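Under my numbering, the first residue of the sequence shown carries the number 8, and numbering increases by one thereafter.
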Amino acid sequence: MPKEDVRGPADGLQLAQEAETGSRAVRGKAGLFIRWLAIAMSLFQLYTGFYGELSGAKQLSVHLSFALVLCYLIFPRSKRSPRDRISFLDAVLAAVGGVAALYLFANYEHVAYSVGRAALYDILMGGAVIALTLEATRRSVSPILPLITLVFLVYAYIGPYIPGELAHRGFTVKRIIDHVFMSSEGLWGIPLRVSATFVFLFVLFGAFLEKIGAGEYLINFSFATMGRFRGGPAKAAVVASAAMGSISGSSIANTVTTGAMTIPLMKKVGFKPHVAGAVEVAASTNGQLMPPIMGAAAFVMAEMIGVSYFKIVKAAFIPAILSYTAIFSIVHIEAVKENIRGLTKEETPPLVKTVLSGIHFLIPLVVLCYLLLVWMWTPTTSATWSILVGVLVALGNNYYRGAVSFPRRRAAASDSQEPAYLDFLKRSQGFFLRRNWSEITGALEAGARNMAGIAAACACCGVIIGVVTLTGLGLKMATFITELAGGNLFLTLLFSVFACIILGMGLPTTATYIIMAAMTAPAILTISANQNLGLPIVAVHLFVFYYGIVADDTPPVGLCAYAAAGIAGADPIKTGWKSFRLDLAAFTLPFMFIYNTKLLMMNTNWLELAYITPMCVIGMFCWSAFIQGHFIVRTYIWERFLFLGIAFLLVNPGHLDFGPWTVGGRQIIAGTVHVNQHLANALAVALLAALFLWQRSRKARAERARPEPART
8 MPKEDVRGPA DGLQLAQEAE TGSRAVRGKA GLFIRWLAIA MSLFQLYTGF YGELSGAKQL
68 SVHLSFALVL CYLIFPRSKR SPRDRISFLD AVLAAVGGVA ALYLFANYEH VAYSVGRAAL
128 YDILMGGAVI ALTLEATRRS VSPILPLITL VFLVYAYIGP YIPGELAHRG FTVKRIIDHV
188 FMSSEGLWGI PLRVSATFVF LFVLFGAFLE KIGAGEYLIN FSFATMGRFR GGPAKAAVVA
248 SAAMGSISGS SIANTVTTGA MTIPLMKKVG FKPHVAGAVE VAASTNGQLM PPIMGAAAFV
308 MAEMIGVSYF KIVKAAFIPA ILSYTAIFSI VHIEAVKENI RGLTKEETPP LVKTVLSGIH
368 FLIPLVVLCY LLLVWMWTPT TSATWSILVG VLVALGNNYY RGAVSFPRRR AAASDSQEPA
428 YLDFLKRSQG FFLRRNWSEI TGALEAGARN MAGIAAACAC CGVIIGVVTL TGLGLKMATF
488 ITELAGGNLF LTLLFSVFAC IILGMGLPTT ATYIIMAAMT APAILTISAN QNLGLPIVAV
548 HLFVFYYGIV ADDTPPVGLC AYAAAGIAGA DPIKTGWKSF RLDLAAFTLP FMFIYNTKLL
608 MMNTNWLELA YITPMCVIGM FCWSAFIQGH FIVRTYIWER FLFLGIAFLL VNPGHLDFGP
668 WTVGGRQIIA GTVHVNQHLA NALAVALLAA LFLWQRSRKA RAERARPEPA RT
C-alpha cells in the first residue's frame, strides 16, 4: 500500500500537539501539578503586564524558571521515554532547572556587581543553567539549535587556532560563562527579554481567542466567502490562515487549526493529498508575516534594532498582502490547471448568517489594533488589556447563548413545576460557570505550554548573541561577506537567502532570524552605507525575517509539512517540497521591498501607495503564472518568460543598482539602470492584456479542435 494511504489525520494533529504543548499526557496529581504550574506562569505574566515588569533581569529569571520546569515535565527525553508519567530523572532536572534559573532573581545585586569577576559558585551555577537550557531546547524545539549553540561556544574557546579572518584571541571557559550568564548581553539578553514580555502575552492572547471560538469563526467565515469559487477550499485555507496568523503568530497552530477543516475538503474537490497539505503549509507559515501579531521574531526585531513595534507592523503590512496575493494566485492557477471545482451551495455556510454569528469575537482584535496603532500603547500593555477584553467577551458570549436557549429549556421544565424550574436554573448556572472556568483556565494553560519551548529557544539564541558580542564575530562576518560579494548588494542579499534557507531547515523562524540578524544583516547595512544606498534598517531585518519564514516549510525538517501531511494522509517530504514551490510565488518579495522601500510605507504618501500597491498585486499574479506555467491554458516557454518580464515591470523599483561588483580587485560590473515606472507599468499592462486575449484565442481553438463525443 502507498505511504499516503496509511497515515491519518490523527498523525498530524498529534505531531503538532507534541511540538507545541509537549507529548506527555500525564494524569493524576502530576498532571494537576503541570496544569496549575502552567496557569501560574500565565497569571504571573498577566500580573506583570498590568502592574509592570520586575526590576532588572528578575522578570527573565522567573520566566525562564517556569519554562525550564515545564520543558522537562511535558517534553520526554527521547522517543522511548514514558508518555503517561514523569520519570525520576526528568523530575530532578525540572527541579534543578527551576532553582538554577531563579539564581539571578535571588542574587540579582550580587550578579550585577560581579560581571567580569564572577566567583567559582557563579560560574558553576551559570554552567548549569546554560547546560539545562540547551537540553530543554533539544527536547522542545530541535536538536539543531543546541548543536549550533555549542558550535558558537566552542568557537569562543578555540579562537586562536582558527585560520583566516574569523580568528580571535580566545577566551577561557570562566570568561565565556561570565559573559554569557552574568551579563545582559548573553542568555539574559534581548531574545529572552522579548519572550518574557511581548511574546508571552501575545501567545496568550491568541490562546484566549482560540478557546472562546474565534478560530472556528474565522474558518467558517473563510468558507462562506471563498468556498463556492473554483478550488474554493484551498482559497478558504489561504484566507483562514491569513486571519489565524493575525491572531496567533504560530505556524504549527495555524496549520492544525485551519488544516483540520480545509485539507479534507481540498481533497474532496479534487486536490491531490500532498497538494492539499502543501497549500495549508504555505499559507500557515506566511501567517507569521501578518499584522498585528505576526511571529515572535517580529517582537525580537523591534527590540534588536531599537524601533517601535508599530513601525514593524506598518512596514510589514503591504508585504503581507502581496505574500498572500501570490499564494492565493498560485492556488487559483492550480485549480484552473487541474479543473478543480468549488463547494456546492449545500456545502458552503451561509454568508450573512456566518458573519453575524461570531462578529463579537473580533472585538478583542479590534481593541488590540486600536491600542497599538491609535493610542500607541506598548505591545505589553496592549496585549494585556486585550486579553481582559477577550475574557469579558467569552463571559458575555456564554451567558448570551444561555439566555437565547433559556426560554425553550424553561418551557420544557414546565412553569407549573416550581421545584423542577429551580433545579433547571441551578443546573444552568452550574453549566455556564463550568464553561467559563474551562475556557479561561484552558487558555491560561495552553498559553504557558506553548511558550515553554519558545522561552528555552530564546535563551539559547541569547547564548549565541553573547558569543557574537564577546568575540566580535558579527563584524568579522560582515567584513567576510562584503569581501566575498565584491561589494555587490545583490550578491550579498543572495548569500543571505541561502544562509537563511539552510539554517531554516533545522531551526524555528525566531532562531533563524536572530542568528542571521547578528551575522548577515550587518553586511547588508555595511554595503548600503559604503554605496550611500540609504537602506532602512527595518527593511534589512524584514528581509532576513521573511526568508526565515520561507525556510520554515523547507524539507527535511519543516514541522508544519509533517503536521499537514499527517492530516492529508500524504508523504511529508513531498508535501514540504510542494509547499516550498508554492512559496516560490512570493520568493522575490523581499527583493522587491529592499529595492523599493516604498512598499514598506517609507518615503512615500498614500496617493503613491494607492498606485503602486495594485500594480504589485498584478505583478505577483504574473509571477505566479510564471511559476505554474499556466494562465488560461498551459503556457508556451516564451509566454512563461513574458509573464516573468511583466511581473518585473509591474513591481520594478524605478532603478536597478548593478555595482560595483569587483573580482580580484578588478571592477567587472558597475552602474545604475533607471526605469520610468509609469511607462514600465503601462507597457506591462498592455502586454498582459495581449497575453490574455492570445490565451483566450488558444483556448477557443483547442475547444473547436476537440472532437465531439460520438452519438449513440
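Don't be surprised by glycine CBs; every beta carbon is placed ideally from N, CA and C. On a predicted model such as this, the values are computed, not experimentally measured, just so you know.
(request) Evaluate the contact criterion for the region 270-280 versus the region 534-551: three or more CB pairs, one atom per stretch, below 8 Å. (result) No contact exists between the region 270-280 and the region 534-551.
Just to confirm, is the Cβ distance from residue 357 to residue 231 under 8 Å? In this structure, residue 231 lies closer than 8 Å to residue 357 by Cβ.
Between the region 295-308 and the region 185-205, can you find at least three pairs of beta-carbon atoms closer than 8 Å? yes
*Just confirm the distance between the C-beta atoms of residue 389 and residue 375, as a whole number of angstroms; I'd bet it's less than 8 Å.*
With 8 Å as the limit, residue 389 and residue 375 qualify as a contact, their Cβ atoms being about 6 Å apart.
Residue 367 by DSSP, collapsed to three states: which one? helix
query: Looking at C-alpha atoms only, which residue of 546, 361, 235 and 540 is the closest neighbour of residue 524?
result: Here the closest residue by C-alpha is 546.
Count Cβ pairs between the region 233-242 and the region 329-347 that sit closer than 8 Å; are there 3 or more?
Yes, the region 233-242 is in contact with the region 329-347.
- prompt: Would you call the CB atoms of residue 238 and residue 349 closer than 8 Å?
  reply: Taking a C-beta distance under 8 Å as the contact criterion, residue 238 and residue 349 qualify as a contact pair.
Residues that residue 641 bridges to, as DSSP identifies them
637
Residue from 444, 310, 517 and 504 with nearest C-alpha to residue 530: The candidate whose alpha carbon is nearest that of residue 530 is 504.
- Message: Our contact map puts residue 52 next to residue 208 with C-beta atoms below 8 Å; I'd like the distance itself, whole angstroms only.
- Response: 6 Å
Query raised in the report: Between the region 180-200 and the region 31-41, do at least 3 Cβ pairs fall closer than 8 Å?
Result: Counting C-beta pairs closer than 8 Å gives fewer than three between the region 180-200 and the region 31-41, which falls short of the contact rule.
* To do: Give the secondary structure of residue 52 by DSSP, where H, G and I count as helix, E and B as strand, and everything else as coil.
  => helix
Near residue 577, which residues of its chain fall below 6 Å by C-beta distance, leaving aside the five closest residues on each side in sequence? 11, 280, 281 and 284
So the alpha helix (DSSP H) residue 164 belongs to, where does it begin and stop? 151-164
### Query
Thinking C-beta only, is residue 567 closer than 8 Å to residue 518?
no
- prompt: Between residue 702 and residue 640, is the Cβ-Cβ spacing less than 8 Å?
  reply: yes
- Query: Is residue 708 buried or exposed, if buried means 16 or more other CB atoms sit within 10 Å of its CB?
  - Reply: exposed
Out of 291, 625 and 496, which has the shortest C-alpha to C-alpha gap to residue 598? 496
Using CA atoms only, rank isn't needed, just tell me which of 334, 35, 222 and 57 is closest to residue 91.
35
>> Let's see if you can read the secondary structure: which residues bound the alpha helix (DSSP H) around residue 731?
In response: This structure cannot settle anything about residue 731, because the visible part of the chain is limited to 8 through 719.
message = Could you compute how far the alpha carbon of residue 332 sits from the alpha carbon of residue 606?
response = 14 Å
Determine whether the beta carbon atoms of residue 589 and residue 286 lie at a separation below 8 Å.
yes
Answer yes or no: do residue 457 and residue 401 have a C-beta to C-beta separation smaller than 8 Å?
-> Cβ distance not < 8 Å, so residue 457 and residue 401 don't count as in contact.
Check: Is residue 113 near residue 189, with beta carbons less than 8 Å apart?
Finding: No, they are not a contact pair.
Note to self: Since residue 211 and residue 49 should fall inside the 8 Å C-beta cutoff, what is the C-beta to C-beta distance between them, to a whole number of angstroms?
What the structure shows: 6 Å
Original post:
If residue 147 and residue 460 are in contact, beta carbons under 8 Å, what's the gap, nearest whole angstrom?
Top reply: 3 Å
**Item:** Helix, strand or coil at residue 487 [DSSP, three-state]
**Value:** If DSSP states are grouped into helix, strand and coil, residue 487 belongs with the helices.
Are the CB atoms of residue 128 and residue 65 within a distance shorter than 8 Å? no
Quick one: what's got a C-beta closer than 7 Å to residue 142's C-beta in the same chain, skipping five residues either side?
-> none
Practice prompt. Pull up the distance between the alpha-carbon of residue 710 and that of residue 604, whole angstroms please.
Written response: 45 Å
Quiz prompt | Inter-residue spacing [alpha-carbon to alpha-carbon] between residue 550 and residue 654 | solution = Spanning the two alpha carbons is a distance of roughly 20 Å.
Handout entry: Burial state of residue 168, where buried means 16 or more other Cβ atoms lie within 10 Å
Key = exposed
| Taking C-beta to C-beta, are residue 626 and residue 657 nearer than 8 Å? | yes
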